[in-house]
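In the numbering used here, the protein residues as written are 5 to 353.
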């Protein structure tokens, strides 16, 4: 009988034979014991708790840091505001002191009066909202009555949330108290009692140039009126640029800063952002941060931060386009390629 291989190996005598013994199959190892289910669950729970606790601690630290940062910023802003206000008050007080000591005031009473807060409250009926005639970057503008009601004035009061402040307040007083021209608005006086910053001007009964161009119920200006107003405003700017010892750059020429009196004579107003040039030499540049109103800003000034009177000329050019086209300097209600008036006109030429 033919035996299969396994049986042959089993019957073979291994002594002196090349055939080795049949290998003993290895013992099968017992499967590792599984950890108890409850132990694994406890481990996972501890891990989750650790993550939650760590996250909570980090969250509290982040919130604490943010609160600390904002408190620091608020205190710093208040400190800066107080510092600039203090400088403004000390500057004005020094002028009043000089007036008392020398009888030759730096701010003549006939050019720039100091009003008490009581006088201002009386003039505006305690800042009655019914007396508000406009709102600008500095704050609200009230119509008021001074000198026992004989004189109508415009009273501009700094708003707490305004981006302008003591610096613009001081600049306006410095500039307008020393400038007198037919086509510049006249500053009558100021009030800085009780930490207020208030400016008092001649009242312009016909409002701003923009009030008579678009988005208004006023009768449209005739072309003769428009031309006369534009020439008057140009003369006012020319006086700023050439009529003083130092060139004065307005830096915020726009249609809302050209006021109209009862005879429709144009008056350039709002000198809070004005900058004095180094000399009376034309086109002498002043390095300064960009300020003004978008749509009127000279692109060269924006790009190089070099300010000259030509920046006012560019802004006034935009005003002329407003007068001609009867539309905003920037209008987001139209197509994007037409939104900027100056760019749109340039593309049409």
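Note that CB positions come from ideal geometry on N, CA and C, so glycine has one too.
Close beta carbons around residue i, own chain, < 8 Å, minus the five adjacent residues each side
i: residue 125; result: 131
i: residue 294; result: 301, 305, 306, 309
i: residue 134; result: none
Integer Cβ distance of residue i from residue j, believed to fall under 8 Å
i: residue 329; j: residue 345; result: 7 Å
i: residue 192; j: residue 117; result: 6 Å
i: residue 148; j: residue 128; result: 5 Å
i: residue 119; j: residue 241; result: Going by Cβ atoms, the distance from residue 119 to residue 241 rounds to 29 Å, so no, they are not a contact pair.
i: residue 245; j: residue 313; result: 4 Å
Alpha-carbon spacing of residue i relative to residue j, whole angstroms
i: residue 238; j: residue 271; result: 10 Å
i: residue 138; j: residue 264; result: 14 Å
i: residue 268; j: residue 210; result: 7 Å
i: residue 236; j: residue 194; result: 26 Å
i: residue 212; j: residue 298; result: 18 Å
i: residue 352; j: residue 338; result: 16 Å
i: residue 121; j: residue 254; result: 29 Å
i: residue 214; j: residue 66; result: 49 Å
i: residue 161; j: residue 188; result: 20 Å
i: residue 190; j: residue 243; result: 14 Å
i: residue 167; j: residue 296; result: 12 Å
i: residue 173; j: residue 323; result: 25 Å
i: residue 152; j: residue 229; result: 34 Å
i: residue 169; j: residue 51; result: 56 Å
i: residue 219; j: residue 335; result: 12 Å
i: residue 181; j: residue 154; result: 22 Å
i: residue 234; j: residue 225; result: 12 Å
i: residue 27; j: residue 56; result: Low confidence applies to residue 27: its pLDDT is 49, below 50, so where it sits in the model is not reliable enough to give any reading.
i: residue 150; j: residue 350; result: 47 Å
i: residue 232; j: residue 198; result: 42 Å
i: residue 333; j: residue 62; result: 49 Å
i: residue 227; j: residue 318; result: 22 Å
Neighbourhood of residue i by C-beta, 6 Å cutoff - its chain only, sequence neighbours within 5 removed
i: residue 207; result: 156, 157, 158
i: residue 315; result: 302, 305
i: residue 183; result: none
i: residue 5; result: Bear in mind that the predicted position of residue 5 carries a pLDDT of just 46, short of 50, making it unreliable; the figure below should be weighed with that in mind. Cβ neighbours of residue 5 beyond the five flanking positions: none.
i: residue 105; result: Summary for residue 105: the model assigns pLDDT 38, below 50, so the residue's position carries little reliability; its value from the coordinates is reported in the next sentence. Hits under 6 Å: none found.
Element boundaries [alpha helix (DSSP H), containing residue i]
i: residue 146; result: Residue 146 -> not in any alpha helix (DSSP H); beta strand (DSSP E) instead, spanning 143–150.
i: residue 180; result: 170–180
i: residue 235; result: 227–246
i: residue 355; result: Residue 355 is absent from the model: the chain starts at 5 and stops at 353.
Close beta carbons around residue i, own chain, < 7 Å, minus the five adjacent residues each side
i: residue 217; result: 259, 326, 327, 330
i: residue 261; result: 272, 273, 274
i: residue 175; result: 275, 276, 278
i: residue 163; result: 143, 144
i: residue 141; result: 166, 167, 168
i: residue 222; result: 215, 216
i: residue 256; result: 274, 277, 296, 297
Per DSSP, the bridge partner or partners of residue i
i: residue 193; result: 117, 204
i: residue 125; result: None, per the DSSP bridge assignment.
i: residue 153; result: Answer is none; residue 153 lacks a bridge partner.
i: residue 161; result: 144, 202
i: residue 281; result: In the DSSP output, where bridge partners are listed per residue, residue 281 has none listed.
i: residue 290; result: 311
i: residue 188; result: 272
i: residue 306; result: Answer is none; residue 306 lacks a bridge partner.
i: residue 139; result: 144
i: residue 385; result: Any property of residue 385 remains undetermined from this structure, which presents the chain solely from 5 to 353.
i: residue 257; result: None; residue 257 has no bridge partner.
i: residue 334; result: 344
Run of the beta strand (DSSP E) containing residue i, from where it starts to where it stops
i: residue 271; result: 270–272
i: residue 276; result: Careful: residue 276 lies outside any beta strand (DSSP E) and carries neither H nor E.
i: residue 209; result: It is not in any beta strand (DSSP E) - residue 209 carries neither H nor E in the DSSP assignment.
i: residue 264; result: 262–264
7 Å Cβ cutoff, residue i in contact with chain C
i: residue 252; result: Absent from the structure: chain C. Only one protein chain is present.
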